[in-house]
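Peer 1: As you go down the protein sequences, you meet chains A and B in turn. Under this note's numbering, the letters of the first sequence match residues 7 to 117, in that order. Under this note's numbering, the letters of the second sequence match residues 123 to 230, in that order.
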Amino acid sequence: SAVISQKPSRDICQRGTSLTIQCQVDSQVTMMFWYRQQPGQSLTLIATANQGSEATYESGFVIDKFPISRPNLTFSTLTVSNMSPEDSSIYLCSVQKETQYFGPGTRLLVL
Amino acid sequence: QKEVEQNSGPLSVPEGAIASLNCTYSDRGSQSFFWYRQYSGKSPELIMFIYSNGDKEDGRFTAQLNKASQYVSLLIRDSQPSDSATYLCAVSRTALIFGKGTTLSVSS
Numbered sequence: 007s008a009v010i011s012q013k014p015s016r017d018i019c020q021r022g023t024s025l026t027i028q029c030q031v032d033s034q035v036t037m038m039f040w041y042r043q044q045p046g047q048s049l050t051l052i053a054t055a056n057q058g059s060e061a062t063y064e065s066g067f068v069i070d071k072f073p074i075s076r077p078n079l080t081f082s083t084l085t086v087s088n089m090s091p092e093d094s095s096i097y098l099c100s101v102q103k104e105t106q107y108f109g110p111g112t113r114l115l116v117l
Numbered sequence: 123q124k125e126v127e128q129n130s131g132p133l134s135v136p137e138g139a140i141a142s143l144n145c146t147y148s149d150r151g152s153q154s155f156f157w158y159r160q161y162s163g164k165s166p167e168l169i170m171f172i173y174s175n176g177d178k179e180d181g182r183f184t185a186q187l188n189k190a191s192q193y194v195s196l197l198i199r200d201s202q203p204s205d206s207a208t209y210l211c212a213v214s215r216t217a218l219i220f221g222k223g224t225t226l227s228v229s230s
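Next comes the structure, spelled out in structure tokens:
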């Protein structure tokens, strides 16, 4: 299994600002992923965070809006840039070991 | 066509009954299938995964896979009020692709 922590757990931000979310895993993992879960919706994959190379983004998500870092095999960050109220969501970090595990999520409200 | 489709529900069953949750997927090349449970305000937790056609049982849960029909289901026997949650079907590419989830309500 994997124990995943995320910081912050929640935040309220003003539109136009940026927020960086941190994800820490208790063991080295090759695959890390970032998901978004908008209110009342399921999980949508934003990108796969690759160690040592640029993240791989899904259709509809771009690096300028959601820059991702993956400096090592236990850590990743997701930045939500130039936020608008439509970015209000839960952002979830996930890792692949025997199967895919999820962090507790970061609840973001943009005013 | 969405990659993974589920009825959003709500699916309501009485305590002790069998709850049947269904999921279809579009990519015939999909190899791995997962069921996650998500309580309100919590992150998803894995219930079961299945790779091969047929049934896989784990306690009160049975996952069924039919690759020819591109169909996967989850049966919950002896449903309990604590089973009330949203159940997410997911298909594996490199990462998991999720359906919208089915909300299950078990009444006591």
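Every residue gets a Cβ at the ideal spot worked out from N, C-alpha and C, and that includes glycine.
Consult DSSP for S65 (chain A) and reduce its assignment to one of helix, strand or coil.
Peer 2: Coil.
Peer 1: Could you pull out every residue in the same chain whose Cβ sits closer than 6 Å to the Cβ of I74 (chain A), ignoring the five residues on either side in sequence?
Peer 2: So the qualifying residues of the chain are A53, A55, A61, L84.
Peer 1: Check the C-beta distance from I172 (chain B) over to L187 (chain B) and give it rounded, since I have them as a contact under 8 Å.
Peer 2: Yes, I172 (chain B) and L187 (chain B) are in contact; Cβ-Cβ is about 5 Å, under 8 Å.
Peer 1: Which residues, in chain order, does the stretch 56-73 of chain A contribute to contact with chain B at a C-beta distance below 7 Å?
Peer 2: If the cut-off is 7 Å between Cβ atoms, the stretch 56-73 of chain A has nothing near chain B.
Peer 1: Give a yes or no on whether the minimum CB-CB distance between G181 (chain B) and chain A is below 8 Å.
Peer 2: Answer no: the Cβ-Cβ gap between G181 (chain B) and chain A never drops below 8 Å.
Peer 1: Take every Cβ of the stretch 134-151 of chain B, pair it with every Cβ of the stretch 209-220 of chain B, and state whether three or more of those distances are shorter than 8 Å.
Peer 2: Flag = yes, the stretch 134-151 of chain B and the stretch 209-220 of chain B touch.
Peer 1: Taking C-beta pairs closer than 8 Å, name the residues in chain A that K222 (chain B) reaches, listed in chain order.
Peer 2: Going along chain A in sequence order, the residues near K222 (chain B) (Cβ under 8 Å) are Q47, S48.
Peer 1: With a 10 Å radius around its C-beta and 16 neighbouring C-beta atoms as the bar for buried, classify A217 (chain B) as buried or exposed.
Peer 2: Buried.
Peer 1: Could one say the Cβ of I198 (chain B) lies closer than 8 Å to chain A's Cβ atoms, at least one of them?
Peer 2: Chain A, which has no Cβ nearer than 8 Å to the Cβ of I198 (chain B), makes this no.
Peer 1: Enumerate in chain order the residues of its own chain whose CB-to-CB distance from E64 (chain A) is below 8 Å, with the five nearest sequence positions on each side excluded.
Peer 2: Answer for E64 (chain A): T50, L51, I52, A53, listed in chain order.
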